[in-house]
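> Chains as they are written, first to last, in the working numbering: chain A, 1 to 359; chain B, 360 to 718.
A virtual CB, placed ideally from N, CA and C, is assigned to each residue, including glycine.
Keep in mind it's a predicted model, so treat the numbers as computed, not measured.
So that we are looking at the same thing, I have put the structure below in structure tokens.
2 protein chains.
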Amino acid sequence: VLVDGVARRTIGFGDDGSVEVIDQTRLPHEFAVARWYTVSDAARGITTMQVRGAPLIGVAAAHGLALAMDDDPSDTGLAAAARLLVATRPTAVNLAWAVTLVRDRLSPLAPGERPAVARAVARELADADVVACRAIGDTGAPLLVEAAAEAADGTAHVMTHCNAGWLATVDWGTALAPVYRAHDDGVPVHVWVSETRPRNQGSALTAWELGAHGVPHTVVADNACGHLLATGPVGLCLVGADRVAANGDVANKVGTYLKALAAAAHRVPFYVAAPISTLDPSTPHGAAIAIEERDGEEVHTIAGVAADGSTRLVRLTPAAAVARNWAFDVTPAALVSAIVTERGIVPASHDGVRAATAR
Amino acid sequence: VLVDGVARRTIGFGDDGSVEVIDQTRLPHEFAVARWYTVSDAARGITTMQVRGAPLIGVAAAHGLALAMDDDPSDTGLAAAARLLVATRPTAVNLAWAVTLVRDRLSPLAPGERPAVARAVARELADADVVACRAIGDTGAPLLVEAAAEAADGTAHVMTHCNAGWLATVDWGTALAPVYRAHDDGVPVHVWVSETRPRNQGSALTAWELGAHGVPHTVVADNACGHLLATGPVGLCLVGADRVAANGDVANKVGTYLKALAAAAHRVPFYVAAPISTLDPSTPHGAAIAIEERDGEEVHTIAGVAADGSTRLVRLTPAAAVARNWAFDVTPAALVSAIVTERGIVPASHDGVRAATAR
Numbered sequence: 001v002l003v004d005g006v007a008r009r010t011i012g013f014g015d016d017g018s019v020e021v022i023d024q025t026r027l028p029h030e031f032a033v034a035r036w037y038t039v040s041d042a043a044r045g046i047t048t049m050q051v052r053g054a055p056l057i058g059v060a061a062a063h064g065l066a067l068a069m070d071d072d073p074s075d076t077g078l079a080a081a082a083r084l085l086v087a088t089r090p091t092a093v094n095l096a097w098a099v100t101l102v103r104d105r106l107s108p109l110a111p112g113e114r115p116a117v118a119r120a121v122a123r124e125l126a127d128a129d130v131v132a133c134r135a136i137g138d139t140g141a142p143l144l145v146e147a148a149a150e151a152a153d154g155t156a157h158v159m160t161h162c163n164a165g166w167l168a169t170v171d172w173g174t175a176l177a178p179v180y181r182a183h184d185d186g187v188p189v190h191v192w193v194s195e196t197r198p199r200n201q202g203s204a205l206t207a208w209e210l211g212a213h214g215v216p217h218t219v220v221a222d223n224a225c226g227h228l229l230a231t232g233p234v235g236l237c238l239v240g241a242d243r244v245a246a247n248g249d250v251a252n253k254v255g256t257y258l259k260a261l262a263a264a265a266h267r268v269p270f271y272v273a274a275p276i277s278t279l280d281p282s283t284p285h286g287a288a289i290a291i292e293e294r295d296g297e298e299v300h301t302i303a304g305v306a307a308d309g310s311t312r313l314v315r316l317t318p319a320a321a322v323a324r325n326w327a328f329d330v331t332p333a334a335l336v337s338a339i340v341t342e343r344g345i346v347p348a349s350h351d352g353v354r355a356a357t358a359r
Numbered sequence: 360v361l362v363d364g365v366a367r368r369t370i371g372f373g374d375d376g377s378v379e380v381i382d383q384t385r386l387p388h389e390f391a392v393a394r395w396y397t398v399s400d401a402a403r404g405i406t407t408m409q410v411r412g413a414p415l416i417g418v419a420a421a422h423g424l425a426l427a428m429d430d431d432p433s434d435t436g437l438a439a440a441a442r443l444l445v446a447t448r449p450t451a452v453n454l455a456w457a458v459t460l461v462r463d464r465l466s467p468l469a470p471g472e473r474p475a476v477a478r479a480v481a482r483e484l485a486d487a488d489v490v491a492c493r494a495i496g497d498t499g500a501p502l503l504v505e506a507a508a509e510a511a512d513g514t515a516h517v518m519t520h521c522n523a524g525w526l527a528t529v530d531w532g533t534a535l536a537p538v539y540r541a542h543d544d545g546v547p548v549h550v551w552v553s554e555t556r557p558r559n560q561g562s563a564l565t566a567w568e569l570g571a572h573g574v575p576h577t578v579v580a581d582n583a584c585g586h587l588l589a590t591g592p593v594g595l596c597l598v599g600a601d602r603v604a605a606n607g608d609v610a611n612k613v614g615t616y617l618k619a620l621a622a623a624a625h626r627v628p629f630y631v632a633a634p635i636s637t638l639d640p641s642t643p644h645g646a647a648i649a650i651e652e653r654d655g656e657e658v659h660t661i662a663g664v665a666a667d668g669s670t671r672l673v674r675l676t677p678a679a680a681v682a683r684n685w686a687f688d689v690t691p692a693a694l695v696s697a698i699v700t701e702r703g704i705v706p707a708s709h710d711g712v713r714a715a716t717a718r
């Protein structure tokens, strides 16, 4: 995707061997690249959400392992780096999936061979993510064509949540890949962007990337989505996923479940877009998914740009208030119309997940 | 309710004849009293939400009419002031109800008598609100006693939304009146406070007033409430209302509907607390309620306290983003367990509303 006319990916190796990532904690007010030189930098970058989004943190962990191999390519070094990276965030399955994949490729090799192969595997994973996301766009775009055809105003009105765009992946995105594809094909598209408190990935990241690509969109408070689904226009919901359990239950950014309930109440189709790597047949159902709880400070404070142009962190709650901050929730399979993957439309069910992941 | 040991109401006449209100746009970081000298001040104060909450804006409009009578007690002056005040906010029925009530009392009088009577009626309405809210507390407290008895930890875990506490009324509150009553009676109570974007009445006002009164509470993002209702502990939901239609449909702060859907999905009782003046038999159902749409700036920007102690308005969205901002939504009667009023528990149904409002 283009940023200021330059084709960008969210992650890659720099000329000096470091890992370069778009620093998502600085958006939408500043486009900045952060550099990681060590596996600790990578772990910190994933924890603090310089990079986030299930597909991207998988690829980022692979890049982090490559940095670790530069430093200590021994079996001990590999095991320690894998442990560090897997512990950064618990909910998205892609992270453990990517770390296991890289480790399985490196383990049989002599330590001296590992640094170069680790970089090659990280690059492969990044490229594979781009291919998968583009294919998710191909799978999902017809849903928008259909929604546009059925809409009174001829426009596919898509409600999304959080950021499952190219910033959540290496390029193209998951939920937004069909949006970009349909928009680029000339289908009239409009996206309802819910701000996604507490970290505002919707109003900060999704609004930014849709704006950069010229896709019409409107930001709303998360709270407004029930009213919107009741009164319209919303042709379909399209969100990402951090983990899809064996029965089709979906863990995604907290607040997704509330939208799914309202979509079901008003018969608006509710689609989840995710690469096959997000499907996790080893987790039987949603209740077995670890839901990350993050620091309450993310609820107490928020960063934005003040009138003088400076970025300020401001406190919203009384000084003595206590906050809890679960980052994800589980949407039961029964509320999911289907899963949009790079291998086509997958039913949100045991059979669907089994068939899609059997290879 | 006490603030720093001093008994406070949200509104009253000052010694100089002005109307004194607690300025809710300054909370939770600053406790400040604003003064209105004219009906224009009152209208502006209601529109900008120095005062908000369905019961309070009714009482505030009555006070505004009293200021208008000081200035121009003619029939023309009365009609113009009534029109100005009713137009400030469309969704809460209490505003039009209070203005009509005051007008009906003043119309038969000679202009010279109106200023003093208008003040007396405004005071009566304020006192009546306090009595009604205290009675709502009596009606609702047993629900918390029951929830505490049934809870594994012996605590009534109440989920609320927005602010329906004493700040939304003259004193005691609607949804929070049973909370204060149960807490004061020694029932273990804990309140889940959803922040209530975009104006954060939950994290700013409800957390502040519960904290001031010593009621245990936890602030969560609005998005977290589906997860909380699915996994608990939540014994009951208890929210306010801006208008209850003839069939029991409830208009309340945007986001209420999403909580009601999740509560129903997990069989958590969902109660609406409101004075009878909020019941509107003349509006047949929820779809007939005008839903106020406010300025998108409330979504784009937010005020908080920066590290240096200054209050800052910060921008959250990209500079080019567009936002929409509906302030209320409608919860269908079928999702409402009952309405908690000063005249007892009222079923959320045609029969319930008819019986409660027949006098």
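Counting only runs of 4+ residues fully inside the region 597–644 of chain B, write out the alpha helix (DSSP H) ranges in chain order.
615–624
> So that I know if they touch, is there some Cβ in chain A lying closer than 8 Å to that of B:V613?
Yes, because at least one Cβ of chain A sits closer than 8 Å to the Cβ of B:V613.
> Taking A:A230 as the reference, which of A:T256, A:A246, A:T218 and A:A265 has the closest Cα?
A:A265
> State yes or no: is the beta carbon of B:N582 nearer than 8 Å to at least one beta carbon in chain A?
For B:N582, the nearest beta carbon of chain A is closer than 8 Å to its own beta carbon.
> Please compile the residues from chain A whose C-beta is within a distance smaller than 9 Å of the C-beta of B:A563.
L316, T317 and P318
> With a cut-off of 8 Å, does the C-beta of B:D688 fall near any C-beta of chain A?
yes
> Let me make sure I understand the geometry here. Which of B:A697, B:P557 and B:A566 has the alpha-carbon closest to that of A:N223?
The shortest Cα separation from A:N223 among B:A697, B:P557 and B:A566 belongs to B:P557.
> Determine the burial state of A:L2: buried for a count of at least 16 other Cβ atoms within 10 Å of its Cβ, exposed for fewer.
exposed
> Rounded to the nearest angstrom, how far is the Cβ of A:T160 from that of A:L143, given a contact under 8 Å?
That pair is no contact at about 13 Å.
> Is the region 626–637 of chain B in contact with the region 687–699 of chain B, if contact means three or more CB pairs nearer than 8 Å?
yes
> Would you mind telling me which residues of chain B sit closer than 9 Å to A:I291, beta carbon to beta carbon, in chain order?
H586 and T590
> For the alpha helix (DSSP H) that A:M69 lies in, which residues bound it at each end?
A54 to D71
> Does the beta carbon of A:V299 come closer than 8 Å to any beta carbon on chain B?
yes
> Can you grab the Cα-Cα spacing for the pair B:S332 / A:L95, in whole Å?
Within the shown structure, residues of chain B are numbered from 360 to 718, placing residue 332 of chain B beyond reach of any answer.
> Can you confirm whether B:Y616, when its beta carbon is compared against all beta carbons of chain A, has any partner nearer than 8 Å?
yes
> Apart from the five residues just before and just after B:P643, which ones in its own chain have a Cβ nearer than 7 Å to its Cβ?
A604, A605 and N606
> Can the beta-carbon of A:I136 be found less than 8 Å from the beta-carbon of A:T88?
no
> If you scan the region 673–712 of chain B from start to end, which runs of the alpha helix (DSSP H) of 4 or more residues do you find wholly inside it?
none
> Here's the rule I'm using: 16 or more other beta-carbon atoms within 10 Å means buried, otherwise exposed. How should A:T174 be labelled?
buried
> Using the three-state DSSP reduction, which class does B:W531 fall into: helix, strand or coil?
coil
> Which residue or residues does DSSP assign as beta-bridge partners of B:L595?
B:V517
> In angstroms, rounded to a whole number, what distance separates the CA positions of A:V170 and A:G58?
10 Å
> Helix, strand or coil, according to DSSP, for A:L2 in the structure here?
strand
> Against B:N606, what residues of chain A qualify as contacts under a CB-to-CB distance less than 9 Å, listed in chain order?
Those within 9 Å of B:N606 in chain A number zero; the least Cβ separation is about 16 Å.
> How about B:G599 and B:A527: are their beta carbons less than 8 Å apart?
yes
> From what residue to what residue does the beta strand (DSSP E) around A:T139 run?
Premise fails: A:T139 lies in the alpha helix (DSSP H), R114 to E150, not in any beta strand (DSSP E).
> Report yes if the C-beta of A:A141 is less than 7 Å from at least one heavy atom of the ligand SAH; otherwise report no.
This structure lacks the ligand SAH, and indeed carries no ligand of any kind.
> Taking buried to mean at least 16 other C-beta atoms within 10 Å of its own C-beta, is A:S282 buried or exposed?
exposed
> Just to confirm, is the Cβ distance from A:L261 to B:L620 under 8 Å?
yes
> By Cβ distance, which residues of its chain are closer than 8 Å to B:D434, with the 5 residues on each side in sequence left out?
Contacts found: S466 and P470.
> So, under 8 Å CB-CB, B:I370 and B:A419 are touching, yes? Tell me the CB distance rounded to an integer number of Å.
6 Å
> Whose Cβ in chain A lies nearer than 7 Å to the Cβ of B:A624?
L261
> Starting from A:W36, trace the beta strand (DSSP E) in both directions and tell me its first and last residue.
Looking at the DSSP string, the run of the beta strand (DSSP E) that includes A:W36 is V33 to W36.
> Could you work out which residues of chain B lie near A:N200, taking near to mean beta carbons separated by less than 9 Å?
Here the neighbours are L675 and T676.
> State the start and end residues of the unbroken alpha helix (DSSP H) segment that holds A:V368.
With chain A running from 1 to 359 in the structure shown, residue 368 of chain A is simply not present.
> May I have the straight-line CA-CA distance separating A:N420 from B:V664, to the nearest angstrom?
For residue 420 of chain A there is no data in the structure shown, the boundaries of chain A being 1 and 359.
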